[in-house]
Amino acid sequence: MVRNKMQLDAWVSLIRQVVREEWMPAEEAVEQAGEISDLMHQRMREHGLFRFRLPEEYGGHGCTCEEMALINIELSRCSVAFRTRLANNVGVAANVILNGGTAAQKARWLPPIASGQAIAAVAVTEPDFGSQATAMTTMARRDGEDWILDGHKAFISNGPIADVYVVLARTGEAGSGAKGISAFVVERGDAGFGQGAAYRSMGMHGAPFSHLHFEHCRIPADRLLGGVTGEGFRQTWQAFLFQRVQLSALSIGPAIRLVDEGLRWAMQRRQFDRAIADHQLIQAKLAQCQTEIQAARALVLETARRYDDGEEMVLEASASKYFATEMACKVADRVVQIFGARGYFADFSCAERLYRDVRGHRLAEGTSEIHQLTIAREMYKRASQAQEITQ
Ligand SMILES: Cc1cc2nc3c(=O)[nH]c(=O)nc-3n(C[C@H](O)[C@H](O)[C@H](O)COP(=O)(O)OP(=O)(O)OC[C@H]3O[C@@H](n4cnc5c(N)ncnc54)[C@H](O)[C@@H]3O)c2cc1C
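Under this note's numbering, think of the first position of the sequence shown as 4, with each following residue one higher.
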C-alpha cells in the first residue's frame with residue numbers, strides 16, 4: 004500500500020541521489036577498508052535513512068511493506084554493505100520491538116533506532132542450530148529481579164558494531180520448541196555479553212557479521228520483550244514475514260545495477276567487428292536478466308500489498324524470497340559473463356563484487372531450501388482447506 008505517492012517519490016529521489024553521489028563513489032573504499040566510516044554513518048543519519056519503517060511517534064515515517072520494498076529496491080543499487088548498515092533499524096529488530104515490546108520498551112529503544120543513533124541487530128541463529136532455529140539452546144533463567152543468559156549466537160549481521168540486540172533464548176524446558184523461546188533486549192556493555200571479531204566473508208565487505216557470546220549475562224527483568232515468556236517466536240514471526248519481502252526487494256536493486264552496467268558494457272565493447280550487444284547470445288542473456296528482474300519486482304510488490312492488506316502471504320513471502328534471491332545470483336553470473344575477464348577481476352567493473360555480495364542472500368533469513376519446503380507445505384495446506392470447503 005502506497006499512502007502518499009508524492010512523499011514516496013521524494014524519498015526515492017533522495018535515495019537515488021545518495022546512492023549515485025555518495026555511495027557509488029565510495030564503494031571501492033568501503034570494500035578495501037572493510038568498514039563504513041563514522042562520517043558515512045553520520046551522513047546516513049542526516050539523510051534520515053534509518054527512519055523509514057518505524058511509526059512517527061518514535062521519530063520514523065511508518066512506511067508500509069510496499070513502500071519499504073520500493074525504497075529498498077532503490078537503496079540496494081550498490082554495494083550491499085550500505086543497506087546492511089540500515090538493515091535491522093528498518094527491518095527485523097525494529098519490527099520485533101515494535102510488534103512485541105511494552106510501551107516503555109518501545110519508548111526506550113525505538114527512537115534511537117529510528118534516528119540511527121543506535122545500531123540494532125537480531126540474534127536467532129546458533130552454531131549448532133541454523134535452519135532448525137526452534138531447537139536453539141541459548142538459555143535464559145530467572146534469578147531474582149534479573150534474567151541470566153548463557154549461550155552463543157552465530158552469523159549475526161552488525162554483530163560486532165550494534166548497540167541494541169534482540170536475542171531469542173530458551174526460557175522453557177530443553178526440547179520445548181518454539182513455545183519455550185522468549186525474546187530479550189541485550190545492550191552493548193551488558194555484563195557477560197561479548198561480540199566476536201568480524202568474520203572474513205565472501206562478500207558484503209564493510210558489513211560486519213560475528214558470533215555473540217553470553218556467559219552468565221545478567222540483564223534486568225524489564226529486558227524481557229513484552230514482559231511475557233514463551234512469546235519470542237510469535238513476536239518475531241510477523242517481522243520475519245515482513246523481512247522476507249524486504250530481502251527480496253534488496254536483491255532486485257543489485258540485479259538492476261548489474262544489468263545497467265552489463266548493458267552499457269555490451270554496447271561499448273566490440274568483438275568480431277561489432278558491439279557484443281549485437282551478438283544474439285549476449286542479447287539472450289540481457290533479455291533473461293530483464294525478464295527475471297521484472298518478474299521478481301511484480302512478485303515482491305504483490306506480496307508486499309498482501310502484507311499491508313493483512314492477507315495470508317506465508318507462501319508468497321517464501322516464493323518472493325526464494326525467487327528474487329536466486330534471480331540476483333543468476334543475473335550476477337550472466338553479467339560477469341558479459342564482462343568477460345573484466346567481470347572476473349575487481350579492477351574493471353562492479354560485477355565481481357556484486358556477484359559475491361548477493362550470494363549471501365540465498366542463505367540469510369531462511370535458505371532457499373527452507374523456503375522451498377515452506378512453499379510446498381503452504382500449497383498442501385491451501386489444497387486441503389480448499390477440499391474441506393468443497394466437501
Ligand atoms: C549474510 C548473512 C547474514 C545473516 N544474518 C543473520 C542475523 O542477523 N541473525 C541471525 O540470527 N542469523 C543470521 N544469519 C544466519 C542465517 O539465518 C543462517 O545461515 C540460516 O538460517 C541457515 O543456517 P545455517 O547457516 O546454520 O545452515 P544449516 O541449517 O546448517 O543448513 C545447511 C544446508 O542444509 C540445508 N538444509 C537444512 N535443513 C534442511 C531441510 N530440512 N531440508 C533441506 N535442506 C536443508 C540448508 O538449506 C543449507 O543448504 C545470516 C546468514 C548470512 C549468510
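Yeah, the Cβ is synthetic: ideal placement off N, Cα and C, and Gly gets one too.
Asked: Helix, strand or coil at C220 according to DSSP, with G and I counted as helix; Found: strand
Asked: Reduced DSSP secondary structure (H/G/I, E/B, other) of A123; Found: strand
Asked: Contact under 9 Å by Cβ, A96 with I116; Found: yes
Asked: Residue environment, G180, which counts as buried when at least 16 other CB atoms sit within 10 Å; Found: exposed
Asked: Three-state secondary structure assigned by DSSP to F342; Found: helix
Asked: Boundaries of the alpha helix (DSSP H) in which F243 is found, first to last residue; Found: 235-271
Asked: Residues bridged to R277 [DSSP beta-bridge criterion]; Found: Q274
Asked: Where K145 sits in the DSSP three-state scheme; Found: According to the sequence displayed, residue 145 carries Arg and not Lys. Strand, per DSSP.
Asked: Whole runs of the alpha helix (DSSP H) within the region 27-103, excluding any shorter than 4 residues; Found: 27-36, 41-49, 68-78, 83-89, 95-103
Asked: Residue range of the beta strand (DSSP E) that includes L228; Found: Note, L228: premise wrong, no beta strand (DSSP E); not H, not E.
Asked: Alpha carbon of L78 to alpha carbon of P28, nearest angstrom; Found: 15 Å
Asked: Residue-chain proximity (C220, chain D), Cβ-Cβ < 9 Å; Found: The displayed structure is made up of one protein chain only, and chain D is not part of it.
Asked: K156 Cβ short of 8 Å to ligand 1 heavy atom set; Found: yes
Asked: DSSP-derived helix/strand/coil call for D193; Found: coil
Asked: For F212, the residue or residues it bridges with in DSSP; Found: S160
Asked: Cut-off 6 Å between Cβ atoms - residues of its own chain near F85, not counting five sequence neighbours on either side; Found: W26
Asked: Closer than 8 Å: A161 CB and nearest ligand 1 heavy atom; Found: Position check: residue 161 holds Asn in this sequence, whereas Ala was assumed. Yes - ligand 1 has a heavy atom lying nearer than 8 Å to the Cβ of N161.
Asked: C-alpha distance - R260 paired with L357, whole-angstrom precision; Found: 9 Å
Asked: Local Cβ density within 10 Å of P211, reported as buried at 16 or more and exposed below that; Found: buried
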